[in-house]
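Chemist: Pasting a structure below so you can have a look.
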Amino acid sequence: MMREFDNVDGVMMIGGKSAMEIADEFGTPVYVTDEQRLRENYRNVHGAFSKYMDTRIHYACKANTNLSILRILEQEGSGIDAVSIGEVMTCLKAGFTPDRIMYTGVNVSNEELKAVAETGVMINLDSVSEMERLARIAPGHAVSFRITPGIGSGHGDKVITGKKGSKFGIPLNDVVKTYVRAKELGFDIRGIHAHIGSGGQEVGPFMDMMDVLTGLVNDIKDAGIDLEFIDMGGGIGVPYQPQEQEMDVNEMAMNLTDMVMENTDIGTIILEPGRYIVCDTTVLLTRVVDIKDAGTKKYVGCDAGFNTLIRPAMYDSYHHVALANRMGKACTDKYDVVGPICESGDYLAHNRVLPDPQEGDVVAIYNAGAYGFSMSSNYNSRPLCREVLVNDGKADLIREPETIEELWRHQRIPERLL
Ligand code: LLP
Numbered sequence: 002m003m004r005e006f007d008n009v010d011g012v013m014m015i016g017g018k019s020a021m022e023i024a025d026e027f028g029t030p031v032y033v034t035d036e037q038r039l040r041e042n043y044r045n046v047h048g049a050f051s052k053y054m055d056t057r058i059h060y061a062c063k064a065n066t067n068l069s070i071l072r073i074l075e076q077e078g079s080g081i082d083a084v085s086i087g088e089v090m091t092c093l094k095a096g097f098t099p100d101r102i103m104y105t106g107v108n109v110s111n112e113e114l115k116a117v118a119e120t121g122v123m124i125n126l127d128s129v130s131e132m133e134r135l136a137r138i139a140p141g142h143a144v145s146f147r148i149t150p151g152i153g154s155g156h157g158d159k160v161i162t163g164k165k166g167s168k169f170g171i172p173l174n175d176v177v178k179t180y181v182r183a184k185e186l187g188f189d190i191r192g193i194h195a196h197i198g199s200g201g202q203e204v205g206p207f208m209d210m211m212d213v214l215t216g217l218v219n220d221i222k223d224a225g226i227d228l229e230f231i232d233m234g235g236g237i238g239v240p241y242q243p244q245e246q247e248m249d250v251n252e253m254a255m256n257l258t259d260m261v262m263e264n265t266d267i268g269t270i271i272l273e274p275g276r277y278i279v280c281d282t283t284v285l286l287t288r289v290v291d292i293k294d295a296g297t298k299k300y301v302g303c304d305a306g307f308n309t310l311i312r313p314a315m316y317d318s319y320h321h322v323a324l325a326n327r328m329g330k331a332c333t334d335k336y337d338v339v340g341p342i343c344e345s346g347d348y349l350a351h352n353r354v355l356p357d358p359q360e361g362d363v364v365a366i367y368n369a370g371a372y373g374f375s376m377s378s379n380y381n382s383r384p385l386c387r388e389v390l391v392n393d394g395k396a397d398l399i400r401e402p403e404t405i406e407e408l409w410r411h412q413r414i415p416e417r418l419l
């Protein structure tokens with residue numbers, strides 16, 4: 002089931018602090034993260050797998066790259082899955098040493114390959130072209146390969162990555178010969194990687210992927226190359242609907258590690274969860290600024306739109322919403338929760354029953370910790386919003402809201418236009 006937040010006299014509490022106080026003190030829109038939940042999520046997934054096998058969690062930081070969140074995960078012992086030189090540098094800045102970061106890019110330029118190799122992080126190669134280019138740029142570098150397992154899973158087509166014909170990874174038929182070529186080129190070959198997609202809610206596809214990976218590990222061994230790890234990517238789904246079932250991470254861990262230990266000599270399993278670790282740690286608080294009865298529909302107009310949280314507009318994703326100052330109150334009608342962006346696609350939630358929303362109320366949007374802030378934009382020239390971290394009733398600002406002036410900071414007007 003989706004995790005709820007405490008309700009004290011009708012007010013939502015996040016990490017022991019009133020959501021209303023946070024909204025008043027820091028302003029809205031604001032992403033609010035509960036530090037304890039973050040630590041718990043990390044420990045849950047690490048604990049589930051490490052019971053059985055040497056396990057490395059490489060948090061997929063694309064989900065949320067706030068430096069304070071990265072600091073917490075660094076303290077917990079996490080590693081990092083990074084997809085760009087920007088993410089690599091951000092994680093180094095947050096205190097991760099290069100040996101705890103793995104880079105998995107797609108369509109990587111030589112410039113980026115060089116910059117990443119210079120930081121010393123391991124590179125997970127996505128194509129034969131990338132391998133040949135890296136051999137010239139950084140001979141002998143530590144590498145693994147992302148393969149296309151031919152299995153996909155995810156909350157929608159836009160985030161399924163592992164199917165045959167995907168733009169990601171080495172096609173199955175080319176895998177063994179690519180490892181043999183990597184050996185000839187003198188690379189320090191460490192492991193094998195796959196990622197089927199994001200937000201899938203079933204264990205089956207993970208098992209199918211692991212079956213493919215363990216088979217390949219043995220084929221690669223027969224070709225004279227021993228691997229240290231299997232990296233099963235990310236993609237563990239979380240419940241977004243209040244009554245939705247959670248994936249059983251413990252059972253998943255038991256079955257997957259069993260398959261690895263039964264069939265291979267591999268000693269280490271790596272996972273790259275992003276969503277699972279950060280999703281339910283964070284709510285987006287947005288102030289109700291306008292209420293409209295449009296005859297056929299009622300609207301709750303908020304100060305956050307798809308510039309602040311794009312998932313509903315982009316993927317039609319469901320995010321649970323509640324009024325943080327009317328928790329547990331009887332619902333009166335159905336509303337669309339919408340934002341300040343000038344497109345009718347700008348919505349946060351459709352047809353939700355809410356308890357008589359009023360101007361000045363605060364809407365809490367659940368499960369905003371993964372791919373929330375990290376996908377936000379300046380569309381309609383709206384500055385990026387603030388972020389707050391709560392621990393034990395104490396709230397800290399962990400990102401200042403952007404200013405209007407900052408919107409222009411990289412622009413230049415040619416002399417002749419002045
Ligand atoms: N590893 C690799 C190689 C990935 O490509 C991804 C996600 C992950 C790990 C982490 O997946 P997770 O555990 O978070 O599902 N923007 C989309 C999600 C895109 C995920 C892309 N890759 C969304 O908002 O749902």
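My numbering applies: residue 2 is where the sequence shown begins, and numbers increase by one. All C-beta atoms, glycine included, are put in the ideal place defined by N, C-alpha and C. Remember, predicted model here, so these are calculated numbers, not experimental data.
(1) Provide the residue span of the beta strand (DSSP E) that contains Ala350, from first to last.
(2) According to the neighbour-count rule (16 or more other Cβ atoms, all chains shown, within 10 Å of its Cβ), is Ala118 buried or exposed?
(3) What does Arg57 pair with, by DSSP beta-bridge criteria?
(4) Taking DSSP as the reference, what is the three-state secondary structure of Tyr1?
(5) Pull the bridge partners of Leu126 from the DSSP assignment, please.
(6) What would DSSP say about Arg191, mapped onto helix, strand or coil?
(7) Ile86 to Val391, Cα distance in whole Å?
(8) If you follow the beta strand (DSSP E) that Arg72 is part of, which residue opens it and which one closes it?
(9) Quick check: what's the CA-CA separation for Thr149 versus Asn108?
(10) Would you tell me roughly how many angstroms separate the C-alpha atoms of Ala83 and Ala116, rounded to the nearest one?
(11) On the DSSP bridge list, what partners appear for Phe230?
(12) Would you kindly work out how many angstroms separate the C-alpha atoms of Asp7 and Tyr367, rounded to a whole number?
(13) In the DSSP assignment, the alpha helix (DSSP H) including Thr258 goes from what residue to what residue?
(14) How many Å lie between Asn264 and Asn219 at the Cα?
(15) Can you round the beta-carbon distance between Val261 and Ile231 to whole angstroms, since I take them to be within the 8 angstroms contact cut?
(16) State whether the region 168-185 contacts the region 324-339, with contact taken as three or more CB pairs (one from each stretch) at a distance under 8 angstroms.
(17) Below 8 angstroms, can you find three or more Cβ-Cβ pairs linking the region 348-367 to the region 280-287?
(18) Does the Cβ-Cβ distance between Pro99 and Gly121 come in under 7 angstroms?
(19) State the CB to CB distance for the pair Gly166 and Gly198, rounded to an integer number of angstroms; the pair is presumed to be in contact (CB under 8 angstroms).
(20) What would DSSP say about Arg4, mapped onto helix, strand or coil?
(21) Looking at the C-beta of Leu135, does it have a partner C-beta in chain B at a distance below 7 angstroms?
(22) Considering only C-alpha positions, which residue in the set Pro384, Arg134, Asp189 is nearest to Glu406?
(23) Which residues does DSSP pair with Lys335 in a beta bridge?
(24) Using DSSP with H/G/I as helix, E/B as strand and the rest coil, what is Ser154?
(25) Check whether the Cβ of Pro206 lies closer than 6 angstroms to any heavy atom of the ligand LLP, and answer yes or no.
(26) Please classify Ala83: does DSSP put it in a helix, a strand, or coil?
(27) Return the chain-ordered list of same chain residues with a C-beta closer than 8 angstroms to the C-beta of Asp317, the five sequence neighbours on each side being excluded.
(28) Please tell me whether, using a cut-off of 6 angstroms, the distance from the CB of Ser167 to the nearest non-hydrogen atom of the ligand LLP is below it.
(29) Can you list, in chain order, the stretches of the alpha helix (DSSP H) that have 4 or more residues and sit fully within the region 371-413?
(30) Give me the residue from Cys343, Leu272, Tyr336 with the minimum Cα distance to Val301.
Modeler: Let's see:
(1) 348-355
(2) buried
(3) The beta-bridge partner set that DSSP reports for Arg57 consists of Ile271.
(4) The question about residue 1 has no answer, for the chain in this structure spans 2 to 419.
(5) Per DSSP, Phe146.
(6) strand
(7) Approximately 29 angstroms between the Cα atoms of the pair.
(8) Note, Arg72: premise wrong, no beta strand (DSSP E); alpha helix (DSSP H) at 68-77.
(9) Distance between the alpha carbons of Thr149 and Asn108 is about 15 angstroms.
(10) 13 angstroms
(11) Gly192, Thr269
(12) Across the structure, Asp7 and Tyr367 are spaced so that their CA atoms are roughly 13 angstroms apart.
(13) 250-264
(14) 8 angstroms
(15) That belief holds up - the Cβ atoms of Val261 and Ile231 are roughly 6 angstroms apart, short of 8 angstroms.
(16) The answer is no - the region 324-339 does not touch the region 168-185, with fewer than three Cβ pairs under 8 angstroms.
(17) yes
(18) yes
(19) So it is not a contact: roughly 14 angstroms between Cβ atoms.
(20) In the structure shown, Arg4 sits in coil (DSSP, three-state: anything other than H, G, I, E or B).
(21) The displayed structure is made up of one protein chain only, and chain B is not part of it.
(22) Pro384
(23) Val354
(24) coil
(25) no
(26) Secondary structure of Ala83 (DSSP, three-state): strand.
(27) Result list for Asp317: Gly157, in chain order.
(28) no
(29) none
(30) Tyr336
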